[in-house]
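Below is one structure; the comments refer to it alone.
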Amino acid sequence: MNAIATDANLSPHSPLRSYLLEAKHEFLRMLRTPSFALPVLLFPALFYTLFGLVLNRADGGMAARYLLATYGVFGIMGAGMFGFGVVVAMERERGFLAYKRALPMPPGAYLLAKMAMAMLFSMLISVLLGTLAGAFGGVSLLPWQWLALLAINVVGVLPFCALGLFVGTLVGGQGAPAVLNLLYLPLAFLSGLWLPLKMLPPVFATIAPAWPPYHLSQVALGVVGMDDGSSMLVHVAVVVAVTVLFYALARRRLRRVG
Amino acid sequence: MELASLRGVRKQYGKVVALDGIDLAIAPGQVLALLGANGAGKTTAIALLLGLVRPDAGQALLFGQSPQQLAARRNIGVMLQSAGIADTSKVRELLELTRSYYPRPRSVEECVSLAGLEGLLGRQYGKLSGGQQRRVQFALALCGNPRLLFLDEPTTGMDIEARQALWRAIVELAAQGCAVLLTTHYLEEAEALADRVVVLGRGRVIAAGSMDEVRRHVAQRRIRCVSSLDVARIATWPEVRSVRMVEAAVVQAPAAAEATAGETTAGAAMAAMPFAATSDRGLGRSHPNGRIEIVTDAAEAVVGRLLAEDAGLSELEVQRAGLAEAFLELTRDPDAGAAPPSQSKAA
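Protein sequence lines correspond, in order, to chains A and B.
Residues in the first sequence are numbered consecutively from 2, following this note's numbering.
Residues in the second sequence are numbered consecutively from 730, following this note's numbering.
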């Protein structure tokens, strides 16, 4: 008995290859399902063009700069929540998740592949928004600022992956898009991602700290010098806590219901 | 040595008891068929052995370890009822990925020839027929060169040809020493493949043993013959459980050449002379010859009486009940004590 186990452990077979193939597999699947990928990529760019570039020409690029940060967060929220929520809900419902768990897939390969995909999407969204902002919005940032915004978006997608994952473990594939939209759109609005909180009645600014995207958007706004002056440490801590919380909840639920 | 076992396992979903203390074991090289009606606990038993759920009580072991251990699962291949594989994945990619999970996978060529995937490697999974998809799932199950193969209703949705091809592949794997745990709705599948059978009913092991042992639990035998006796009258014999006319009018003189038996134009004859319309309620001597099937516990007595009453009887055949009959008998009425005592030694 033990010989079998040891034997398997000592073999040259490397789990790294499985992780890479898993990610490649996920990538090809996305590539072949443009009906999912295109809206996730293009929505934020479309919104940004409309509200950041077309409707705000008169303020010397301030709106374009502010909304570059907040629409980045808006975009990656979608990539994380839908990429995880809808796909996990569907795959759970179809029995694919159980099938993968029965196979000797290295631990976490399933989630890591999806995370890698969400981060790739975040990168593409950031580059798209940055290009629009630079080319048409007159936004000029220092190289470190561009890179920082990119990094914040790429890492900042993780709490929304965790949130999406949790939703995906709760609802079926049919219901997931509706539930996610009910979370996504109000959260984005209430966190001041579409319109700066200053332009809304003061009550919105008061309750904004209750919403996770608000905290991530403040980190991004800090990079372009337009945050509201609250503690960056708190923002980062909240984002990390949200990630851990929803990941733990999702994991617990997956163990119970599979 | 056991490859996989359940020991005194209980599993409850809410108030529903899925498994009520079962023992099950599979030995190297064995093909074990797990039978049972829907809800008997087959799927739960498989899920426990795969580590998808944990037992409430008792122990599930896979290669001497918890099924949750990756090292244990590297020895198994899995084909579940619904794999939920993404439509856009290509067969080659699926094989490449699944093979990467295993330390010593089979070559792609070997997988292709064993599962009959010739020409399908470049195709997208969603564009394959149902039978082809099942073959892909089978290839994914065997690609890791497993020592134990879990096949949960592997031929559901396959046509007869595909089913027989899969059976041949399973027999080939078993001949190479791969153990197989098979659940199936098709009893002939278990009869064709398994060397041991475990019958589950309401979360318990109702019967376990070799195919013959399980069949022996049931005394029923089936008698077939061509006779002019009246079916309704045979039905009144005390030893007869049931009787039916398989073919109403076999156009053949009892003394004539046997070679034409069964090859008669039964359809036309039946249309011309439905047996229900016969008026003779006497000894039945004037009936045309019909192919009759009788199910009985006392075949010898019934055969004796048949021969005594119809000297012209021909094509007499006596068969032990198939697994289907045995299985129906075993699962029919678990509360009435009709089921034989469970052999908890299991497989």
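All C-beta atoms, glycine included, are put in the ideal place defined by N, C-alpha and C.
- Chain A places no beta carbon closer than 7 Å to that of R828(B), leaving this residue out of the contacts.
- Interface annotation, H14(A): in contact with chain B, CB-CB separation under 7 Å.
- Neighbourhood of A177(A) in chain B, by CB distance below 9 Å: empty, with the nearest CB roughly 15 Å away.
- Residue state for L104(A) is assigned as coil, using DSSP reduced to three classes.
- Chain A has a Cβ within less than 7 Å of the Cβ of E822(B).
- When CB distances to chain B are screened at a threshold of 8 Å, the residues of the stretch 95 to 129 of chain A falling below it are R95, G96, F97, L98, A99, Y100, R102, A103, L104, P105, M106, P107 and P108, in chain order.
- Contact check for M940(B) and V926(B): beta-carbon distance about 6 Å, within the 8 Å limit, so the pair qualifies.
- A straight line joining the alpha-carbon of L778(B) with that of L791(B) spans about 7 Å.
- Partner residues in the beta bridge of D749(B), as assigned by DSSP, are R739(B).
- Apart from sequence neighbours up to five positions away, the residues of its chain that approach R254(A) with a beta-carbon distance below 8 Å are F167, T170 and L171, ordered along the chain.
- For T34(A), the residues of chain B that pass the 8 Å Cβ criterion are T817, in the order they occur in the chain.
- In this chain, the beta strand (DSSP E) harbouring I1023(B) covers G1019 to T1025.
- Under the 10 Å beta carbon count, V975(B) is surrounded by fewer than 16 other beta carbons and is classified as exposed.
- Counting C-beta pairs closer than 8 Å gives three or more between the stretch 915 to 925 of chain B and the stretch 759 to 766 of chain B, which meets the contact rule.
- Under the three-state reduction of DSSP, S811(B) is assigned to coil, being neither helix nor strand.
- If you look at Q788(B), you'll find it in the beta strand (DSSP E) that goes A786 to L791.
- Within the stretch 903 to 954 of chain B, the runs of alpha helix (DSSP H) that reach at least 4 residues and sit entirely inside it are, in chain order, 916 to 922 and 940 to 945.
- Within chain B, the residues A815, S818, E822, L823, E825 and L826 have their CB atoms less than 9 Å from the CB of H26(A), given in chain order.
- For E1044(B), the uninterrupted beta strand (DSSP E) segment begins and ends at S1043 to R1049.
- According to the DSSP assignment, F48(A) belongs to no beta strand (DSSP E) but to the alpha helix (DSSP H) extending over P35 to F48.
- Cβ-Cβ distances below 7 Å link Q741(B) to A747 and D785 in the same chain, with the five nearest sequence neighbours on each side left out; the list follows chain order.
- Interface annotation, V807(B): in contact with chain A, CB-CB separation under 7 Å.
- Contact between G81(A) and G165(A) is confirmed by a C-beta separation of about 6 Å, below the 8 Å threshold.
- Secondary-structure assignment with DSSP links E976(B) through a beta bridge to R1020(B).
- DSSP assignment within the stretch 62 to 148 of chain A yields the following whole alpha helix (DSSP H) runs of 4 residues or more, N-terminal first: 63 to 94, 97 to 103 and 110 to 137.
- Counting only the Cα atoms, Q797(B) lies some 12 Å from Q788(B).
- Contact fails between the stretch 109 to 122 of chain A and the stretch 197 to 206 of chain A, because fewer than three Cβ pairs, one in each stretch, are under 8 Å apart.
- DSSP, reduced to helix, strand and coil, places S842(B) within a helical segment of the structure shown.
- Using a CB distance below 8 Å, the part of the stretch 779 to 812 of chain B facing chain A consists of L779, G780, L781, V782, F792, G793, Q794, Q798, L799, A800, A801, R802, R803, N804, I805, V807, L809, Q810, S811 and A812, ordered along the chain.
- What Y831(B) touches in chain A, judged by beta-carbon distance under 8 Å, is H14 and P105, going in chain order.
- Taking C-beta separations shorter than 8 Å and ignoring five residues to either side along the sequence, the partners of L850(B) in its chain run K819, V820, R821, L824, V837 and V841, following chain order.
- Looking at M31(A), F83(A), L198(A) and G53(A), the one whose alpha-carbon comes closest to that of L183(A) is F83(A).
- L150(A) does not reach chain B, its nearest Cβ partner there being about 32 Å away, counting only Cβ pairs nearer than 9 Å.
- Taken atom to atom, the span from the alpha-carbon of R739(B) to that of I126(A) is near 50 Å.
- Distances from the alpha-carbon of T1025(B) to those of L1036(B), L869(B), V969(B) and A1037(B) put V969(B) closest.
- Using a C-beta cut-off of 8 Å, the stretch 12 to 25 of chain A makes contact with the stretch 102 to 117 of chain A, since at least three inter-stretch Cβ pairs fall below that distance.
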